[in-house]
Structures are given as structure tokens and as C-alpha cells.
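A quick write-up on the structure given underneath.
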Amino acid sequence: MLRGAGGGGGGFRRALMAEKPEKPVRAGTARRVVKFFAPYKLHVLLVLIAILIISVVGLANPYLLKLIVDDAILKRDMDKLILYAVLMIVIPVVNGLIGVWQTYLNNLIGQRVMRDLRNELYRHMQRMSLRFFSETKTGEIQSRLGNDVNGIQDVITNTASSIVSNITTVVSTITAMFLLSWQLTLLSLALLPLFLYLTYKVGSIRRELAKNTQKSLADISALIEESLSVSGVLLTKTFGRQRESIDRFSRENQRLADLQLRQQMVGRWFFMITSTFFSITPALVYYFAGRTIIHTPPDQVPPITVGGIVAFTTLQSRLFFPLGQLLTVQVQIQAALALFDRIFEYLDLPVEITDRPNAIELDPHDVKGRITFDHVYFSYSRTGRPMNLYDINFDAPPGSLVALVGPTGAGKTTIAYLIARLYDVTKGRVLIDGIDVRDIRLASLPQIIGMVSQETYLFHASVRENLLFAKPDATEEELIAATKAANIYDRITELPEGFDTIVGERGYRFSGGEKQRIAIARIVLKNPRILILDEATSALDTRSERLVQRALATLMQGRTTIAIAHRLSTILSADQILVIDRGRIVERGTHSELLAAEGLYAKLYREQFLHAPKDTSIAATGS
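The C-terminal residue of the sequence shown carries number 623 in UniProt numbering, and the numbering is unbroken.
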């Protein structure tokens, strides 16, 4: 029903994407990422201080090496040798302790940022309209919350501090190298600009590959969610399509494997060349510096001492690791930005249904339950064409039963969804007690409207937890009363664990009628003033239907009820029957009036119940 309602095929999402050009999303991505770190400014400051201490103190050991060689060993000074050696032991220990503290802060900040990002994304998804969920694969939404957010974990946790740490180390090390020998420093860094440019190019390629990889992950998540759910497995097995499902999964899995292989291998030749260059550069330093010392006359002081060469190559080796890290990190950031683009793409989806300024908070106890449709038009298309409902007008007085009947796809469920404001009208008004539903706070509507649909949804939890979803603070007495009213209490008490029995995936441990009665008990606990029954008994056998109808008769007492009926026997006693066809009300009246009119209702009735029993209506079954 839902997927067909909006035009199918992800049209809503594609329409939204078409309205939002990709480049502006990318342009502000880095800036938006930084905003998530704003609440943790103090932690970030402490990390920066720790990085600065580690980087500066880390320069001490290379300089101590120079002093050990030139001032201690070559001059045979034992006291200085001991002093410098002790300092070379103490400094790394201190740096290591500071490093552990910094790592803790890094992970603390990273995990909290990821927590905030997940919360904001989930919060935004909860605010999206039913239109979005009816046209977007569940697996894709799960992938954005799972795969995409998890994919940025390492970048958020380690990359930011790694960049600052490596930049600080590079700057301080290059400064120290220049002080020792500017000529050797220029030799060591000669090809660095070329490497930086190549790194940027490699990162751009990996960013695009990362986006395609995440899309493939989302497709696989959607495929798994569809094919390995209980419904999907039943469908596959009963049609004997296991081989086709396996082949389909294998193809997508192969595509994902190919993309991930390409993502890992992009730039590997480049990084190999870079690593090789950094590895052979010390040999060049030894050659040119040694050559200078050898050719310096004995009576002159060489530009650099033996200890200076040792210190320089030590600094050089200290420089190459952070430089390599910066080149690698830049590529990782490009890939992570692709994930952030996907996350922000969802966060930027407009929320269709929101509270108007000065929206009214209704007290459920004060609501009488009058429902009025005032010249309502509605279209699932965002452009407003074609219309799915045309000029719908009716009034449901408090406590009345209004039935909606008609062919499949006529617009009956759409009318019900407009009452609950799961969609907003295109034109006209839907009123509750004379108040436009758009002027009522969204949080108020679920308190006054309850819905029982044909496809009952139960969480994979206990019966108790499923019931408490309607009223978390319900007492044991209230649970018992609600389940008795729904004619399901005896069945629950027969179970080994009673109310604590796990219902299974989507409630598959229960029959359709039992699930419906649990859903009705849930609505009894909620105690709404307005009740919507969306073909609540159409998929049940006769015995289950009668049990559910008895429960519904109890539930409907004193409530305004909108009943969407496929089986006309369930609404014979309705105060008003609206016959919907192609989005219009083509007939209205009571059962007897509509039969006498010899229109569409009479035709539907004759087709269904010409030879059916006449005592199966809600009114006839009693409570």
C-alpha cells in the first residue's frame, strides 16, 4: 500500500536530490564536520597542548645524540655521557605517558562526536514524513546510520589529532634540521611539493571510489534486509527462488569486493615510490655530508660535525614518518568526506511535516473527537499533479462510526493518513473538533488518534514490551484489563512465559488474529479518542475475524471511528458509509440507503455477500 501510494521507485528521494545540487553539499562538508567538535573545545585544547609537548620534547633526543657524540664520546667525558644517556631514557617515558593520555582524549572526543552524529541523523529520520519511508529502502537507511557513520570512526577518532600532531612534528623537525644544515634540509625535501600534488590527485580518486563503495554497501544492506527477513525467506522458499536470490547477492557482493580492492590499491604505487625515496634519502645525506667532512682541511672546522650528521639523520627519520602519515591521512580524509557527504545528504533532506508557529497542544481529555474533511484535495506528487483525492467532504460526529469502502487503490487509506497527519493535504482542511490538524502540535496527535492496520507490526521483544510501547507506565492490572478487552488474555496466559514471551521477528510466533488482538490491546492501553481501523480483519480466517471483531466492538465504544473496510460485513451498522472511487466520494449513506440506491456499494455488496451469513458484523457479534 505504502510503496504504491507515492509513485514507487524512490521518486520522492530522487526528487529531493534533484532539488539539492551536489557541489554545495561538498563545499561546506569540512566546515560542518568541525561544528560537531564545538561542544568539546576544552578536550580539543588539552589534546593540542599534549601534542605540542610531545612534539617539542621529542626534539630533545636527536640533539642529545649530537651532544653524546661530540661532547661526551669524542671528548671522553663520562659524566656528560651518563647525564645525556639518563635524559634519553627519561624523555621517551614521559612522552609515552603523555601519549597515552592524549590517545584517551582522542577516543573520548571521537566517540562522543560519532554518538552526536548518530543521534542527529536518527532524530532527523524520525521527523521525516511517511512519504520518505514509503519510497526509500529500509536497508539504505540502515546503511547510512550504520555503515556510513562507522566508516568515519577512524577519521574522527584519530585523524584530526594525527594531522595536528604530524604538522607540529614536521614544522619543529624541519626547523631543527635547518639549524643544523640548511643545505641538507633542502636536499631532503626537494621532491616534497610533487608528492603533495600527487597525494591530492590520489585522494580525489579514492573519494569517488569511497562513495561508490558505500552505495554498494547500502544496496547489500537493503538486499539482506529484504531477502533474509522472515517474510522474504518465506517468499523465496515458497517460490523456490533461493538460487536467484543467491546469484543476486553474489553479483552485488562481487561488485562490492571489486570496489573495495580498487579503493585499497589506488595510489599504492605512488606510496611505494614515496616510501622508497624517504628510505634512500639518509644515504644521500651521509654521502654529501661525509664528503664535505672528508674534504675539509684538518686545520678548518667542517660545516657539520659527526655528531651533527647523526643528529640530522635522526631528525630526518623522525620527519619522514609524519610526512608519510600526512600524505596517507590526506587520502583517508578524501575518502571520509565522501561518507560525510552521504550523511549530510540525509541530514539536509527537508522535513515536510512540522509544527506551525503557535501550534496548539491538545489535552486528550478535552477532545470530543469530531472529524471534518473540508474540500480536501491531495496528491502524493510534490508537484501537486496528479491528484489522488478530489474534493473530499464529510463530517464524523463524536462517537460515530464512519466506514470507507471502495475498490483497492481508491484512496481510503490516504484519507485515514491525512487524519493522523502522516501526510499534509494539498488543498482544503482536515479538522479535529473544528481545529485544522496542521494547527495542532504533532506530539498531540498520537495521544488522541489510534490506528489498527491490516499488517500488525510487533517488535522482536516480549508481549509485555510490545504492550508497554503504548503506555510505558502501565500497571500489571492495566495490562490484564487491556488484553481481556482484546480477547487475547487467555492465549497469553497459556504461553510458558506469559507476558514475558518473546513474540519473534514481526510477531511470527503468533497467528494473524492473535497479533491483531495484541495490537488492539495496545490501543486499549493508549485509550485514544479517535480510532482508525485500516482493514483490520481482511486477512483473517472467519474464527479469528470474529474474535477480533468482538475486541474491536469493545474498543470502539465511545470513540469516533473511521473504519476502512474490505469486507463489507464488518460495517453494516456504520452511522455513515462513504464509497470512495478514484479519489472521490461517489456515494454516502447508511447500509440500507446505499443498497436501495443500487450504485457501486450495492454492486460491491452483491459481489461479496450475496450468499454470505448475515450475522458477522461488529454490531451483531457484540462484546
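Glycine included, every Cβ here is placed at the ideal spot set by N, Cα and C. No experiment lies behind these values; they were computed from the predicted model shown.
*The beta strand (DSSP E) with F378 in it runs from where to where?*
I371 to F378
*Go to L186, then tell me how far its alpha helix (DSSP H) extends in each direction, as first and last residue.*
W182 to S188
*Unbroken alpha helix (DSSP H) run spanning S592, endpoints*: H591 to A597
*asked:* DSSP three-state label for D581, please.
replied: strand
_Helix, strand or coil at R26 [DSSP, three-state]_ = Its pLDDT being 47, under 50, R26 is placed unreliably by the model, and the measurement read from it follows with that caveat. Three-state result, R26: helix.
*asked:* Taking the alpha carbon of S245 as the reference point, which residue from N253, Q254 and S227 has its own alpha carbon closest?
replied: S227
*asked:* Quick check: the Cα distance between D79 and Q263, rounded to an integer number of angstroms?
replied: 55 Å
*Between R255 and I224, what straight-line distance do the alpha-carbon atoms span, to the nearest angstrom?*
15 Å
*Just curious, the alpha helix (DSSP H) that N95 is in, first and last residue?*
M78 to R127
_Below 8 Å on the Cβ atoms is my contact criterion, and I expect T305 with Q260 to pass it. Report the Cβ-Cβ distance as a whole number of Å._
With a Cβ gap of about 51 Å, T305 and Q260 do not count as contacting.
_For F394, the three-state DSSP class (helix, strand or coil)_ = strand
_Rounded C-alpha distance that separates A403 from N150_ = 48 Å
*Quick one: what's R509 bridged to in DSSP?*
Answer is none; R509 lacks a bridge partner.
*Provide the residue(s) that pair with D575 in DSSP beta bridges, ordered along the chain.*
For D575, which the question treats as bridged, DSSP gives no partner whatsoever.
*State the CB to CB distance for the pair N388 and F373, rounded to an integer number of angstroms; the pair is presumed to be in contact (CB under 8 Å).*
Not a contact, Cβ separation roughly 14 Å.
_Close beta carbons around L525, own chain, < 7 Å, minus the five adjacent residues each side_ = L467, A470, K471, A474, E478 and A482
*Since residue 624 is in the alpha helix (DSSP H), which residue starts that stretch and which ends it?*
With the chain covering only 1 through 623, there is no way to say anything about residue 624.
_Assuming contact is defined by CB atoms lying nearer than 8 Å, are I156 and M114 in contact in what I supplied?_
yes
*Hey, could you find the ends of the alpha helix (DSSP H) D247 is sitting in?*
Q242 to M265
*In this structure, does DSSP put E361 in helix, strand or coil?*
coil
*Secondary structure of S381, DSSP reduced to three states*: coil
*asked:* According to DSSP, is K427 part of a helix, a strand, or is it coil?
replied: strand
*Could you tell me which of R31, S250, V94 and V351 sits nearest to A60, measuring between CA atoms?*
V94
*With a 10 Å radius around its C-beta and 16 neighbouring C-beta atoms as the bar for buried, classify I360 as buried or exposed.*
exposed
*asked:* Please state whether the Cβ-Cβ distance between A452 and D534 is less than 8 Å.
replied: Going by the sequence as given, residue 452 is Val instead of Ala. Cβ atoms of V452 and D534: closer than 8 Å.
*Helix, strand or coil for A482, going by three-state DSSP, please let me know.*
helix
_Residue interval of the beta strand (DSSP E) (run including I530)_ = I530 to D534
*Nearest residue (CA-CA) to V47, options R509, L108 and V69*: L108
*Mapping DSSP to helix, strand and coil, what is I309?*
helix
*Taking DSSP as the reference, what is the three-state secondary structure of I174?*
helix
*Would you give the residue range spanned by the beta strand (DSSP E) that L401 belongs to?*
L401 to V405
*P397: which of I82, R529, V86 and Q102 sits nearest, CA to CA?*
R529
*Can you find a heavy atom of the ligand FMN that lies under 7 Å from the Cβ of S165?*
Looking at this structure, you won't find the ligand FMN or any other ligand, since it has none at all.
*Rank T168, K137 and S250 by C-alpha distance to the C-alpha of A222 and give the top, closest one.*
K137
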